[in-house]
Amino acid sequence: MGDAVGLRERKKLRTRRALIEAALRLFEEKGYEETTVAEITAAVDVSTRTFFSYFTSKEDVVFFDGESRVEAALKMIADRRPAETVVDLLLRVTSHSLDAVKDADLTVELTPARRHLITTVPALRARGLDLLFETQQRLADALHRAYADELDPIEAAAAIGSLMGAAHLATTISMERGETPEQVWAAGRRAMEIAIRGLSSIG
């Protein structure tokens with residue numbers, strides 16, 4: 241039974257990956273608006289119903305790994321270690337998040353294509369900004385709950401906003417300079433560490 245379940249899960253992961261890769265390739269070749277879900281599924285030889293069992297829309301394909309990373313960060317904040325300071329927790333969360341992205345070969349491989357789409361397609365740019373703002377709010381709320389007796393909502397929001405803003409801008413500039421994925425993640429880490437050093441006045 242275990243082997244059968246494992247086989248099904250691996251097949252699902254392969255199908256999901258194939259859909260993501262096909263979609264981004266078609267978006268780059270034909271254009272985001274011009275590409276249909278039917279064309280994506282035809283490239284992978286699956287049904288449109290299969291596509292919608294993995295994604296709710298074409299937009300979701302572009303932001304395929306965002307929710308899993310947010311959920312991991314929220315869990316780490318909620319399960320903070322006893323006596324762990326705000327700064328120590330944020331260092332641990334950001335390090336884990338950056339390492340997870342760096343270790344995810346699909347995320348690293350597709351980052352340049354995704355970044356190009358998000359910066360050139362108005363609908364995706366708007367969706368990206370919405371997701372960034374929503375993520376910041378969720379993380380700030382979680383941080384405030386975890387340190388309710390130390391941080392007020394404004395301090396929690398400032399901490400999360402400074403970290404995510406620093407990382408987003410640093411990685412964007414790094415990619416615009418044509419740097420490698422490893423250099424991009426290093427830029428994000430350095431920016432977050434700089435931001436974290438400025439958070440020592442809270443908590």
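My numbering numbers the first residue of the sequence shown as 241 and each following residue consecutively. Think of the CB as a built atom: it goes at the ideal place given N, C-alpha and C, for glycine as much as any other residue.
Legend entry - Beta-carbon separation (whole angstroms), L338 vs A399, contact threshold 8 Å: Translated into positions along the sequence shown, residue 338 becomes position 98. Translated into positions along the sequence shown, residue 399 becomes position 159. So it is not a contact: roughly 17 Å between Cβ atoms.
Legend entry - Start-to-end residues for the alpha helix (DSSP H) that takes in D300: Your numbering for residue 300 matches position 60 in the sequence shown. From DSSP, the alpha helix (DSSP H) with D300 extends over 298-302.
Legend entry - Below-8 Å beta-carbon distance, A426 vs any chain C residue: No chain C appears in the structure shown, which is made up of a single protein chain.
Inset, instruction - Note down, one range per segment and in chain order, each alpha helix (DSSP H) of at least 4 residues found wholly within the region 265-309. - result: Counting only runs that start and end inside the region 265-309, the alpha helix (DSSP H) elements of at least 4 residues fall at 277-284, 288-294, 298-302.
Inset, instruction - Taking E419 as part of the alpha helix (DSSP H), name the residues at either end of that continuous run. - result: Taking the first residue of the sequence shown as position 1, residue 419 is located at position 179. It is not in any alpha helix (DSSP H) - E419 carries neither H nor E in the DSSP assignment.
Inset, instruction - Could you tell me the distance, in whole angstroms, from the CA atom of L383 to the CA atom of E374? - result: As a first step, residue 383 is located in the sequence shown; it is residue number 143 there, counting from the start. As a first step, residue 374 is located in the sequence shown; it is residue number 134 there, counting from the start. Near 14 Å, if we compare the C-alpha coordinates of E374 and L383.
Inset, instruction - Determine the contact status of V302 and L253, defining contact as a CB-CB distance below 8 Å. - result: In the sequence shown, residue 302 corresponds to position 62, counting from 1. In the sequence shown, residue 253 corresponds to position 13, counting from 1. Cβ atoms of V302 and L253: not closer than 8 Å.
Inset, instruction - Rank T334, F304, R355 by C-alpha distance to the C-alpha of I317 and give the top, closest one. - result: Looking up residue 317 in the sequence shown gives position 77. Per the Cα distances, T334.
Legend entry - Nearest neighbour of L439, chosen from E395, L264, Q376 [CA to CA]: Residue numbering aside, residue 439 sits at position 199 when the sequence shown is read from its first letter. Here the closest residue by C-alpha is E395.
Inset, instruction - For the alpha helix (DSSP H) containing D370, list its first residue and its last residue. - result: Residue mapping note: residue 370 aligns to position 130 of the sequence shown, counting from 1. 362-386 is the extent of the alpha helix (DSSP H) around D370.
Inset, instruction - Within 10 angstroms of the Cβ of S414, are there 16 or more other Cβ atoms? Answer buried if so, exposed if not. - result: In the sequence shown, residue 414 corresponds to position 174, counting from 1. S414 comes out buried.
Inset, instruction - Measure the CB-CB distance between A283 and A262 and report whether it falls below 8 Å. - result: Position 43 of the sequence shown, counted from the start, is the residue given in the question as residue 283. Position 22 of the sequence shown, counted from the start, is the residue given in the question as residue 262. Against a cut-off of 8 Å, the Cβ pair of A262 and A283 comes out as a contact.
Inset, instruction - Name the residue from L259, R429, A426, Q423 whose alpha carbon lies nearest to the alpha carbon of E299. - result: Here residue 299 is taken as the residue at index 59 of the sequence shown, counted from 1. E299 has its Cα closest to that of L259, out of L259, R429, A426, Q423.
Legend entry - Reduced DSSP secondary structure (H/G/I, E/B, other) of T359: Residue 359 sits at position 119 when you count from the first residue of the sequence shown. In the three-state scheme derived from DSSP, where H, G and I count as helix and E and B as strand, T359 is classed as helix.
Legend entry - Proximity winner among Q423, T411, G401, relative to A435 (alpha-carbon distances): Here residue 435 corresponds to residue number 195 of the sequence shown, with the count starting at 1. The shortest Cα separation from A435 among Q423, T411, G401 belongs to G401.
Inset, instruction - From the DSSP output, in three-state form, read off A323 for me. - result: Sequence index remark: in the sequence shown, residue 323 carries index 83 (1-based). Three-state DSSP puts A323 in coil, outside helix and strand.
Inset, instruction - Mark A386 as exposed unless 16 or more other C-beta atoms lie within 10 angstroms of its C-beta, in which case mark it buried. - result: For this step, residue 386 is matched to residue 146 along the sequence shown. The residue is buried, with at least 16 neighbouring Cβ atoms inside 10 Å.
Legend entry - Exposure label - F292; buried when at least 16 CB within 10 Å: For the purposes of this step, residue 292 is identified with residue 52 of the sequence shown, where counting begins at 1. It counts as exposed.
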